[in-house]
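Since the structure comes first, as structure tokens, the remarks are kept for the end.
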Amino acid sequence: MAIRIGIIAVNGRTGRLIAEETRAASADLAGGIGRPGGTVSPPADVPMLADLTALAAASDVVVDFTHATAARGNGAVLANAGKAWVLGTSGLSADDEAAVAAAAERIPVVYASNFSAGVNLVLALAERMGAALPADAYDAEIMEMHHRQKVDAPSGTAIGMGRAVAKGRGVKLDDVIESGRHGHTGARKTGAIGFAALRGGQGLRVGQAVDAPVRVEDDRAGHHRSGQASPSHFIHSGDTDEAVSPERVFNGMPGANLPHASTIGTLATTSS
279 MAIRIGIIAV NGRTGRLIAE ETRAASADLA GGIGRPGGTV SPPADVPMLA DLTALAAASD
339 VVVDFTHATA ARGNGAVLAN AGKAWVLGTS GLSADDEAAV AAAAERIPVV YASNFSAGVN
399 LVLALAERMG AALPADAYDA EIMEMHHRQK VDAPSGTAIG MGRAVAKGRG VKLDDVIESG
459 RHGHTGARKT GAIGFAALRG GQGLRVGQAV DAPVRVEDDR AGHHRSGQAS PSHFIHSGDT
519 DEAVSPERVF NGMPGANLPH ASTIGTLATT SS
């Protein structure tokens, strides 16, 4: 029997795209719920459910690309329902991520702020650069730009890149992060990982990790958001009681063989 896929905020930009990709893959789209306050109509062929509890009851896995403030509540509902959770929301706090980890002890969870195969490859490269290039000789600066509707900064992808560099250096990002510099900041601290976030326009997503004088770039300006894992692929990690990264899912795709990728918020609750 086909896995039934439910979509939270199916009337949002990403939710509508996921619905399109699900249909294109001939997967079973169980239905969706709207984004609170949303003014865009959902796709006409998507069954609309009353609330998340009803959506969970109708689905085997629920896809959630919404807002950080909704993550804890959504996770609690899905954990109580025993349904798998694919979470692509960025901007989660440490407490939010702890709640995701707690949910992953009860249900299968795939959590990352970016499901692009290319971005996960860039993250793997960033981790290797962090390990290979010493912090006392190379400065890690991460510059990213998103469309003007982006509500969190730095972006989840940028944070993921910073975490990858920090992991390669054997440190925690929270201990070395420098973000939003302004005014007389003094000299740059050795070993710091810096962030600069730009916002403007529509559909622009550019990320750069500068480990001076070496640069790694993820340039997707003008690219369609569908350059990511489709639901028919990423739901296959729903058979294990832990939160896993997209890298593990992508390695299950035909022809895929990505190296280990350190992604934003990958929360393993059991050894793998």
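Counting in my numbering, the sequence shown runs from 279 upward without gaps. No residue lacks a Cβ here, since even glycine has one placed at the ideal position from N, Cα and C.
Nearest candidate by alpha-carbon position, reference residue i, set the options
i, options, result
"residue 438", "293, 394, 307", "394"
"residue 423", "480, 365, 330", "480"
"residue 386", "358, 404, 401", "358"
"residue 367", "379, 378, 342", "342"
"residue 333", "322, 363, 304", "363"
"residue 365", "384, 392, 415", "392"
"residue 344", "384, 303, 292", "292"
"residue 383", "396, 400, 402, 361", "361"
Cβ neighbour criterion (16 or more within 10 Å) applied to residue i
i, result
"residue 287", "buried"
"residue 412", "exposed"
"residue 435", "buried"
"residue 398", "buried"
"residue 314", "exposed"
"residue 371", "exposed"
"residue 453", "exposed"
"residue 294", "buried"
"residue 351", "exposed"
"residue 302", "exposed"
"residue 353", "buried"
"residue 463", "exposed"
"residue 280", "exposed"
Cutoff 7 angstroms; reference residue i; Cβ partners in own chain excluding five residues on either side
i, result
"residue 319", "289"
"residue 282", "306, 308, 336, 337, 338"
"residue 259", "The requested residue 259 is not part of the displayed model; the chain covers only 279 to 550."
"residue 518", "The pLDDT assigned to residue 518 is 39, lower than 50, so where the model puts this residue is not dependable, and the model offers no usable value."
Cβ-based neighbour list, residue i, same chain, cut-off 8 angstroms, excluding 5 preceding and 5 following
i, result
"residue 324", "285, 288, 297, 307, 309, 310"
"residue 312", "287, 288, 289, 320, 326"
"residue 477", "423, 424, 425, 426, 428, 431"
"residue 410", "446"
Beta carbon of residue i nearer than 8 angstroms to that of residue j
i, j, result
"residue 390", "residue 356", "no"
"residue 408", "residue 444", "yes"
"residue 374", "residue 346", "yes"
"residue 378", "residue 349", "yes"
"residue 244", "residue 418", "Only positions 279 to 550 of the chain appear in this structure, which leaves residue 244 out of reach."
"residue 404", "residue 433", "no"
"residue 331", "residue 414", "no"
"residue 456", "residue 470", "yes"
Same chain, Cβ closer than 6 angstroms to residue i, neighbours up to 5 away in sequence not counted
i, result
"residue 451", "440, 441, 444"
"residue 460", "none"
"residue 420", "436, 439, 440, 473, 487"
"residue 449", "none"
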